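Participant: Under the UniProt record's numbering, the first residue of the sequence shown is numbered 1, with each subsequent residue one higher. For glycine and all other residues, C-beta sits at the position ideal for the given N, C-alpha and C. All figures in this text were calculated on a predicted structure; none of them were measured in a lab.
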Amino acid sequence: TLLTVFGTGDIKALVGVFAVAAFRLLPALRGILGGWTQVQNAVYSLRIIEEGLGDKGMEAVSPSWGQEAFSFQKEIRIEHLTYAYPESKEVLKDFCCTIRKGEYVGICGESGVGKSTLFNLLLGFITPDKGAIRIDGRPLADVPRQEWHRRVGYVQQEVFVLDGTLAENIALGCRSIDKERVAEIVRLVRLDAWVDELPQGMDTPLGEGGGRLSGGQKQRVGIARALYKKAEVLLLDEATSALDNETERAVNEMLLGLMKECRGLTVLTIAHRESSLAYCHRVIRLNGKDNGSNL
Numbered sequence: 001t002l003l004t005v006f007g008t009g010d011i012k013a014l015v016g017v018f019a020v021a022a023f024r025l026l027p028a029l030r031g032i033l034g035g036w037t038q039v040q041n042a043v044y045s046l047r048i049i050e051e052g053l054g055d056k057g058m059e060a061v062s063p064s065w066g067q068e069a070f071s072f073q074k075e076i077r078i079e080h081l082t083y084a085y086p087e088s089k090e091v092l093k094d095f096c097c098t099i100r101k102g103e104y105v106g107i108c109g110e111s112g113v114g115k116s117t118l119f120n121l122l123l124g125f126i127t128p129d130k131g132a133i134r135i136d137g138r139p140l141a142d143v144p145r146q147e148w149h150r151r152v153g154y155v156q157q158e159v160f161v162l163d164g165t166l167a168e169n170i171a172l173g174c175r176s177i178d179k180e181r182v183a184e185i186v187r188l189v190r191l192d193a194w195v196d197e198l199p200q201g202m203d204t205p206l207g208e209g210g211g212r213l214s215g216g217q218k219q220r221v222g223i224a225r226a227l228y229k230k231a232e233v234l235l236l237d238e239a240t241s242a243l244d245n246e247t248e249r250a251v252n253e254m255l256l257g258l259m260k261e262c263r264g265l266t267v268l269t270i271a272h273r274e275s276s277l278a279y280c281h282r283v284i285r286l287n288g289k290d291n292g293s294n295l
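#1: Can you grab the Cα-Cα spacing for the pair K229 / K260, in whole Å?
#2: Among R273, N252, K218 and A226, which one has its Cα closest to the Cα of S241?
#3: Within its chain, find whatever has a CB closer than 6 Å to the CB of L172; leave out the 5 residues flanking it on each side and keep chain order.
#4: For R134, which residues in the same chain have their Cβ closer than 6 Å to its Cβ, ignoring the five residues on either side in sequence?
#5: For the stretch 138-154 against the stretch 187-201, do three or more pairs of beta-carbon atoms, one drawn from each stretch, fall closer than 8 Å, so that the two count as touching?
#6: How would you call P86, buried or exposed, if buried means at least 16 neighbouring beta carbons within 10 angstroms?
#7: State the beta-bridge partners of T269 as determined by DSSP.
#8: Taking the alpha carbon of residue 301 as the reference point, which residue from E103, G102 and T82 has its own alpha carbon closest?
#9: Of the choices E208, V155 and I177, whose alpha-carbon is the least far from that of A271?
#10: What do you get for N252, buried or exposed, if any count of 16 or more other CB atoms within 10 angstroms of its CB means buried?
#11: With a threshold of 6 Å on Cβ separation, who are the neighbours of L265 within its own chain once the five nearest residues in sequence on each side are excluded?
#12: Do H80 and K130 come within 8 Å of each other at the CB atom, strictly closer than that value?
#13: Compute the distance between the beta-carbons of D163 and F72, then report whether it is under 8 Å.
#14: Please name the residue, chosen from E103, R220 and V233, that lies closest to V159 on a Cα-to-Cα basis.
#15: Helix, strand or coil for Q200 per DSSP?
#16: Counting only the same chain and skipping the five closest in sequence on each side, list residues whose C-beta sits under 7 Å from that of R285.
#17: Along the chain, where does the beta strand (DSSP E) containing I99 start, and where does it finish?
#18: Near T165, which residues of its chain fall below 8 Å by C-beta distance, leaving aside the five closest residues on each side in sequence?
#19: Can you tell me whether S111 is buried or exposed, with buried defined as 16 or more other CB within 10 angstroms of its CB?
#20: Starting from R151, trace the alpha helix (DSSP H) in both directions and tell me its first and last residue.
#21: When burial is assigned at 16 or more other CB atoms within 10 Å of the CB, is S214 buried or exposed?
#22: Just to confirm my understanding: we take R212, look at its own chain, exclude 5 residues before and 5 after, and list those with CB closer than 6 Å. What are they?
#23: Buried or exposed: S276, going by 16 or more other Cβ atoms within 10 Å of its Cβ?
#24: Mark K89 as exposed unless 16 or more other C-beta atoms lie within 10 angstroms of its C-beta, in which case mark it buried.
#25: Per DSSP, Q156 is paired with what?
#26: Going by the beta-carbon positions, is the gap between Y104 and V267 smaller than 8 Å?
#27: When we look at the beta-carbon of L118 and count the other beta-carbons within 10 Å, is it buried (16 or more) or exposed?
#28: DSSP state of G216, grouped into three classes?
#29: To the nearest angstrom, how far is the alpha carbon of V113 from that of N287?
Put into structure tokens, the structure is as follows:
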């Protein structure tokens, strides 16, 4: 036994060493566990990306998406939607909801009740196990994919910013930049006063990771990107959750002003703070059980 090899004092010292070592390893272990959880959550999305990069392109995800012309005029109707990730329990069950064009709708609930899953379903990244999403009465699966994605802007908590100019970041992915349109959008998201103070205006480099931008400004850049591509629906996935109260209020007031100027703009926001939800026209609360009707 250890008592035979070591004395009582040595045993206590040895235990102390192990205790200190274990304590110092805890942050690393937490990081590993947190990273593993993120990997598990991302596996399904990675499978979709892998399929999308295959020979059949994005058709591998949902071959039934149509190609004909499309317009969004009235409402998004979600009918008895049920979804479960592979080898997991249902995160959405019999969920019903109608989002009318021009509404500002808040979505809240505890972690894991299906808020981000609902956005993934609305974006068409995944398909429901049961139920349907209809755009003006038409099944989402029959709506031309590119047309729908052009009309939907997605802004998450961490907005990716290129080491480029403000104009390049707003017109992200476009071969040519319409400076007049960028200037108008900068005004709409209330960045114009800040841009006027920049040494090169919209052509000022933002630095690595958007070093020149505050958290609230990054969120506005994310919203500006969606407006540049003429999005009619904004999906905000906890976009203001990391902001302080004053910045959160400023972003929400900007959104309300934006909706007045861009008539028909529809906003769905996932939020936890009641202060953010207070700006919404109405709030849908998910409970992770039978979500019932929010029609």
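Facilitator: So, from the listed chains and residues:
#1: Taking the straight line joining both Cα atoms gives about 19 Å.
#2: Put simply, of R273, N252, K218 and A226 the residue whose alpha carbon is nearest the alpha carbon of S241 is R273.
#3: Excluding its 5 nearest sequence neighbours in each direction, L172 has C-beta neighbours in its own chain below 6 Å: R225, listed in chain order.
#4: Here the set comprises R77.
#5: Touching, no, given that fewer than three Cβ pairs across the two stretches are closer than 8 Å.
#6: Under this definition P86 is an exposed residue.
#7: Residue pairing by DSSP places T269 opposite G106 and L236 in a beta bridge.
#8: Summary: the structure shown does not reach residue 301, with the chain confined to residues 1 through 295, and so no result is reported for it.
#9: The closest CA to that of A271, considering only E208, V155 and I177, is found on V155.
#10: Buried: at least 16 other Cβ atoms inside 10 Å.
#11: M259.
#12: Taking a C-beta distance under 8 Å as the contact criterion, K130 and H80 qualify as a contact pair.
#13: The beta carbons of D163 and F72 sit no closer together than 8 Å.
#14: The option with the nearest alpha carbon to V159 is R220.
#15: DSSP places Q200 in the coil class of the three-state scheme, outside both helix and strand.
#16: Take R285, set aside five residues on each side of it, and the residues of its chain with a beta-carbon closer than 7 Å to its own are C108 and G109, in chain order.
#17: Note, I99: beta strand (DSSP E), E90 to R100.
#18: So the list reads Q200, M202, D203, T204, P205 and L206, once near-sequence residues are dropped.
#19: By the C-beta density criterion, S111 is exposed, having fewer than 16 other C-beta atoms within 10 angstroms.
#20: Unbroken alpha helix (DSSP H) run through R151: R145 to R151.
#21: In summary, S214 is exposed, with fewer than 16 beta-carbon neighbours lying within 10 Å of its beta-carbon over all protein chains present.
#22: Excluding positions up to five away in sequence, the list reads L206.
#23: With at least 16 other beta carbons inside 10 angstroms of its own, S276 counts as buried.
#24: K89 is exposed by the Cβ-count criterion.
#25: Its beta-bridge partners are D237.
#26: Cβ atoms of Y104 and V267: closer than 8 Å.
#27: By the neighbour-count criterion, in which a residue is buried when 16 or more other Cβ atoms sit within 10 angstroms of its Cβ, L118 is buried.
#28: DSSP places G216 in the helix class (H, G or I) of the three-state scheme.
#29: A direct Cα-to-Cα measurement between V113 and N287 gives close to 6 Å.
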